[in-house]
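Using numbering that gives the first Met the number 0, the letters of the sequence shown map in sequence onto residues 0 to 411.
The C-beta atom is built at its ideal place from N, Cα and C for all residues, glycine as well.
Nothing here was measured: the structure is a model prediction, and the numbers come from that model.
Structure, as structure tokens:
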Amino acid sequence: MKTERDWGARAADRLAALAELSAPGPGVTRLPFTPEHRAALDLIGSWMTEAGLDVHIDAAGTLIGRREGPPGAATFLIGSHQDSVREGGAFDGIMGVVLPILVLEKLRADGVDLPFAVEVLAFADEEGVRFPTALIGPRALAGTFDPAVLDMQDAEGKTLRAAMREFGLDPDAITALKRDPARIIGYLEAHIEQGPVLEAEAEALGVVTAICGIERHPVVISGETGHAGTLPMHMRRDALVGAAALVGEVDRMARAEPGLLGTVGTLSVLPGAVNAVPREARLTVELRAPDDAVRERAGQALRAFAESMAAERGLTLSMQRSYHQPAAPCDRGLTDALVQAVRSTGGKGLALPSGATHDASAMADLCPIAMLFLRCAGGVSHRPEEHASAADMGKAVDAMAAFLQGIATQPA
Ligand SMILES: [Zn+2]
Numbered sequence: 000m001k002t003e004r005d006w007g008a009r010a011a012d013r014l015a016a017l018a019e020l021s022a023p024g025p026g027v028t029r030l031p032f033t034p035e036h037r038a039a040l041d042l043i044g045s046w047m048t049e050a051g052l053d054v055h056i057d058a059a060g061t062l063i064g065r066r067e068g069p070p071g072a073a074t075f076l077i078g079s080h081q082d083s084v085r086e087g088g089a090f091d092g093i094m095g096v097v098l099p100i101l102v103l104e105k106l107r108a109d110g111v112d113l114p115f116a117v118e119v120l121a122f123a124d125e126e127g128v129r130f131p132t133a134l135i136g137p138r139a140l141a142g143t144f145d146p147a148v149l150d151m152q153d154a155e156g157k158t159l160r161a162a163m164r165e166f167g168l169d170p171d172a173i174t175a176l177k178r179d180p181a182r183i184i185g186y187l188e189a190h191i192e193q194g195p196v197l198e199a200e201a202e203a204l205g206v207v208t209a210i211c212g213i214e215r216h217p218v219v220i221s222g223e224t225g226h227a228g229t230l231p232m233h234m235r236r237d238a239l240v241g242a243a244a245l246v247g248e249v250d251r252m253a254r255a256e257p258g259l260l261g262t263v264g265t266l267s268v269l270p271g272a273v274n275a276v277p278r279e280a281r282l283t284v285e286l287r288a289p290d291d292a293v294r295e296r297a298g299q300a301l302r303a304f305a306e307s308m309a310a311e312r313g314l315t316l317s318m319q320r321s322y323h324q325p326a327a328p329c330d331r332g333l334t335d336a337l338v339q340a341v342r343s344t345g346g347k348g349l350a351l352p353s354g355a356t357h358d359a360s361a362m363a364d365l366c367p368i369a370m371l372f373l374r375c376a377g378g379v380s381h382r383p384e385e386h387a388s389a390a391d392m393g394k395a396v397d398a399m400a401a402f403l404q405g406i407a408t409q410p411a
């Protein structure tokens with residue numbers, strides 16, 4: 000029989016109810032500043048009120064439920080994003096909003112006082128699907144919000160500013176949302192792992208060490224085309240053969256370096272005919288690592304490899320870093336407390352990096368961060384099948400409640 004204190008089952012019920020608040024189509028499609036977003040905030044807000052929280056929506060569209068602390072006490076933040084990708088699942092993001100509300104309900108039911116205030120945050124947009132920007136909510140709190148993004152448009156040509164106004168928000172007030180770092184103790188985010196590691200280790204919960212930094216390099220390798228039947232092998236300058244060497248080196252290097260992830264996700268070939276030697280290959284190299292020095296070194300080594308490979312083969316090379324985002328390490332103290340909390344639920348407190356970006360990446364500019372990963376079936380995310388079990392979510396509620404009690408006993 001299900002009881003009020005069956006936190007995992009209640010989380011599953013609530014996530015199923017939220018999954019109904021979706022644009023038509025398979026899975027869940029809940030984009031920011033839409034009627035589905037509004038309906039989700041109404042429902043989540045009602046649960047926040049039920050849990051005894053003071054509820055409001057800030058100018059960036061973040062739904063905030065606050066449990067007051069002693070007079071003058073600082074605040075601990077817990078949250079994630081309400082939005083999904085198109086035809087996504089019922090857990091990515093939104094689970095990290097549903098769980099902390101239950102955590103605060105549990106602490107109230109258990110009669111636990113905390114020496115600080117706690118706020119649960121439901122950010123509007125982490126996925127960046129509707130507008131070519133994301134993380135407005137956490138950036139507003141961290142003071143890193145760039146008002147220029149308000150002019151960006153969705154596919155219908157509506158600006159972000161107009162969409163926010165129609166949603167009842169005041170975009171001009173976003174910059175005033177910046178929080179005083181001295182008043183914020185930290186930020187915790189619970190999220191599905193989106194990978195297969197916890198499932199392979201038979202662990203419900205994992206503790207994130209860092210959110211990986213990312214760099215991207217568009218590469219163009221140029222040679223010379225010719226007839227596949229008449230151009231002798233020793234006279235060829237085949238751009239695709241050069242690209243193949245680079246793809247192999249990305250994989251070799253990333254396999255050899257712990258923590259480094261290297262991917263060539265796109266490749267196109269010109270002229271692209273079955274009987275023509277390729278004259279041009281365009282590809283993208285993406286590197287991720289929890290350690291910025293490892294990633295930077297790898298990026299430079301790959302460039303050096305590509306240059307000497309091109310010189311050897313008579314090819315010309317264009318390769319420059321077009322994008323780079325530093326890693327966001329999780330706070331040591333908060334992470335240690337989270338490991339202890341996970342162990343109190345019977346888990347190992349397995350440490351793992353996050354290869355994906357999260358709201359916590361932007362929150363790291365405001366305060367110390369920590370992240371709790373939940374095992375997801377098959378490591379699947381961004382698809383209708385994504386799933387975390389009620390039992391695992393129940394353990395997450397217990398671990399997060401233990402975590403808040405744990406940091407409450409630490410000296411500030
Ligand atoms: Zn997410």
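Euclidean distance between Cα positions of residue i and residue j
| i | j | result |
| --- | --- | --- |
| I184 | F402 | 13 Å |
| G377 | A11 | 18 Å |
| R382 | H190 | 15 Å |
| A305 | S267 | 17 Å |
| A363 | A243 | 38 Å |
| I77 | H216 | 34 Å |
| A355 | L113 | 32 Å |
| T128 | P231 | Strictly speaking, residue 128 in this sequence is Val, with Thr absent from that position. Near 48 Å, if we compare the C-alpha coordinates of P231 and V128. |
| G194 | L373 | 10 Å |
| L62 | L40 | 7 Å |
| L239 | A227 | 13 Å |
| A327 | I210 | 5 Å |
| A407 | V119 | 17 Å |
| V284 | L259 | 13 Å |
| L269 | E200 | 44 Å |
| L365 | R138 | 9 Å |
| F166 | G60 | 8 Å |
| H386 | A16 | 15 Å |
| L140 | R178 | 5 Å |
| F90 | L14 | 7 Å |
| V27 | E384 | 10 Å |
| L301 | L245 | 8 Å |
| S343 | A398 | 7 Å |
Boundaries (first-last residue) of the alpha helix (DSSP H) holding residue i
| i | result |
| --- | --- |
| A141 | 135-141 |
| Q339 | 331-343 |
| P99 | 94-108 |
| L365 | Note, L365: premise wrong, no alpha helix (DSSP H); not H, not E. |
| V27 | Counting along the chain, V27 falls outside any alpha helix (DSSP H), and DSSP gives it neither H nor E. |
| F304 | 291-312 |
| D250 | 238-255 |
Where residue i falls, given that 16 or more other Cβ within 10 Å makes a residue buried
| i | result |
| --- | --- |
| R251 | exposed |
| Y186 | buried |
| H80 | buried |
| S353 | buried |
| D237 | buried |
| G24 | exposed |
| D145 | exposed |
| D57 | buried |
| A361 | buried |
| V276 | buried |
| P289 | buried |
| S321 | exposed |
| S307 | exposed |
Where residue i sits in the DSSP three-state scheme
| i | result |
| --- | --- |
| S45 | helix |
| L266 | strand |
| P146 | helix |
| Q409 | coil |
| A327 | strand |
| G261 | strand |
| Q193 | coil |
| T174 | helix |
| S360 | helix |
| R9 | helix |
| E200 | coil |
| R382 | coil |
| V219 | strand |
| M151 | coil |
Boundaries of the beta strand (DSSP E) in which residue i is found, first to last residue
| i | result |
| --- | --- |
| V206 | 204-210 |
| M163 | Premise fails: M163 lies in the alpha helix (DSSP H), 159-165, not in any beta strand (DSSP E). |
| S79 | 74-80 |
| M318 | 315-318 |
| V111 | It is not in any beta strand (DSSP E) - V111 carries neither H nor E in the DSSP assignment. |
Check: residue i C-beta below 7 Å from any heavy atom of ligand 2
| i | result |
| --- | --- |
| H357 | This structure lacks ligand 2; the ligands present are ligand 1. |
If you pair each beta-carbon of the region 195-204 with each one of the region 167-177, do three or more pairs fall below 8 Å?
no
Mind the definition here: the region 313-327 touches the region 220-231 only if three or more C-beta pairs lie below 8 Å; say whether that holds.
yes
Any 3 or more C-beta pairs closer than 8 Å across the region 65-72 and the region 122-139
no
Would you check if there are 3 or more beta carbon pairs closer than 8 Å linking the region 9-29 to the region 380-399?
yes
Are the region 86-104 and the region 31-51 touching, with three or more C-beta to C-beta distances below 8 Å?
yes
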